[in-house]
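Here is the structure we will look at.
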Amino acid sequence: EAGVAQSPRYKIIEKRQSVAFWCNPISGHATLYWYQQILGQGPKLLIQFQNNGVVDDSQLPKDRFSAERLKGVDSTLKIQPAKLEDSAVYLCASSPFTHEQFFGPGTRLTVL
Amino acid sequence: SQQGEEDPQALSIQEGENATMNCSYKTSINNLQWYRQNSGRGLVHLILIRSNEREKHSGRLRVTLDTSKKSSSLLITASRAADTASYFCATDANDYKLSFGAGTTVTVRA
Numbered sequence: 016e017a018g019v020a021q022s023p024r025y026k027i028i029e030k031r032q033s034v035a036f037w038c039n040p041i042s043g044h045a046t047l048y049w050y051q052q053i054l055g056q057g058p059k060l061l062i063q064f065q066n067n068g069v070v071d072d073s074q075l076p077k078d079r080f081s082a083e084r085l086k087g088v089d090s091t092l093k094i095q096p097a098k099l100e101d102s103a104v105y106l107c108a109s110s111p112f113t114h115e116q117f118f119g120p121g122t123r124l125t126v127l
Numbered sequence: 181s182q183q184g185e186e187d188p189q190a191l192s193i194q195e196g197e198n199a200t201m202n203c204s205y206k207t208s209i210n211n212l213q214w215y216r217q218n219s220g221r222g223l224v225h226l227i228l229i230r231s232n233e234r235e236k237h238s239g240r241l242r243v244t245l246d247t248s249k250k251s252s253s254l255l256i257t258a259s260r261a262a263d264t265a266s267y268f269c270a271t272d273a274n275d276y277k278l279s280f281g282a283g284t285t286v287t288v289r290a
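Protein chains in written order, with the numbering used here: chain A, 16 to 127; chain B, 181 to 290.
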């Protein structure tokens with residue numbers, strides 16, 4: 016079974032630029048999550064989708080972050096414009112509506 | 181905000197020794213999970229313990245849960261170099277959302 020795919024793996028941008036991350040969850044997994052992991056910290060949930068609907072986006076900085084889940088499968092997370100403090104690893108996870116989550120390898124974002 | 185707090189922040193042990201790390205949390209949970217993260221990679225689920233369970237085993241892993249103290253521990257027995265990683269506890273209040281601690285970094289020396 017293929018795991019959660021994410022791209023790109025690494026991205027370096029200047030502050031105020033825009034960036035987008037892509038996630039393809041495990042086939043059949045209804046729930047998809049985006050996390051932000053700052054160096055030295057644990058992952059922090061940004062948004063949770065159930066199929067193509069948003070369940071929780073209370074921790075998503077909506078003035079600059081947006082996310083969508085296309086047809087209940089792939090998802091994109093966008094930052095526009097980026098700030099220095101957005102430097103982090105962005106992790107995507109999916110779940111077949113069990114309590115266990117399956118994580119992708121993450122995208123490491125550096126904002127200069 | 182992060183619900184769990186791991187202790188210690190870092191741990192260095194010799195291959196073959198046991199490693200123990202602890203997790204404390206603040207609010208009621210449905211289950212508590214432990215994940216491993218190797219450097220530069222995503223998280224891998226290790227074990228889930230439900231709030232009505234006190235102890236669970238999986239291979240060389242042993243997890244305990246004390247809901248009265250709001251704490252959990254993860255024991256890795258007979259450690260190997262491949263166990264070098266960061267370990268995170270994550271709590272689930274039965275809403276299928278995980279709240280992670282800051283993690284314990286374990287280094288296993290050959």
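Just so it is clear, CB atoms sit at the ideal spot from N, CA and C, and this is done for glycine as well. Given the structure is predicted, the values throughout are model-derived calculations rather than measurements.
Item	Value
Span of the beta strand (DSSP E), counted from its first residue to its last, around ALA108(A)	103 to 110
Contiguous beta strand (DSSP E) assignments of at least 3 residues, all confined to the region 16 to 86 of chain A	20 to 22, 25 to 28, 34 to 39, 46 to 52, 59 to 65, 68 to 71, 80 to 84
DSSP three-state assignment for GLU186(B), whether helix, strand or coil	strand
Exposure label - ARG24(A); buried when at least 16 CB within 10 Å	exposed
Under the three-state DSSP convention, the category LEU254(B) falls into	strand
GLU115(A) at chain B interface by Cβ criterion, 7 Å	yes
Cβ neighbour criterion (16 or more within 10 Å) applied to ASP150(B)	Outside the modelled stretch of chain B, which goes from 181 to 290, sits residue 150(B), for which no answer is possible.
Option nearest LEU223(B) by Cα separation, candidates CYS203(B), CYS269(B), ARG289(B)	CYS269(B)
Contact check, ARG84(A) vs PHE64(A), beta carbons under 7 Å	yes
DSSP beta-bridge partners of VAL224(B)	ARG216(B)
Outcome for ARG31(A) when other beta-carbon atoms lying within 10 angstroms are tallied against a minimum of 16	exposed
Cβ-based burial, ASP78(A) [other Cβ within 10 Å; buried from 16]	exposed
Interface flag, PHE118(A) vs chain B, CB-CB below 7 Å	yes
Whether GLN52(A) touches CYS38(A) by CB criterion (7 Å)	no
Beta carbon proximity, GLN51(A) to chain B, threshold 7 Å	no
Neighbour flag for PRO96(A) against chain B, beta carbons, 7 Å	no
C-beta atoms of GLU197(B) and SER259(B) nearer than 7 Å	yes
Beta-carbon gap between ILE256(B) and VAL243(B) smaller than 7 Å	no
Where the beta strand (DSSP E) containing LEU92(A) begins and where it ends	90 to 94
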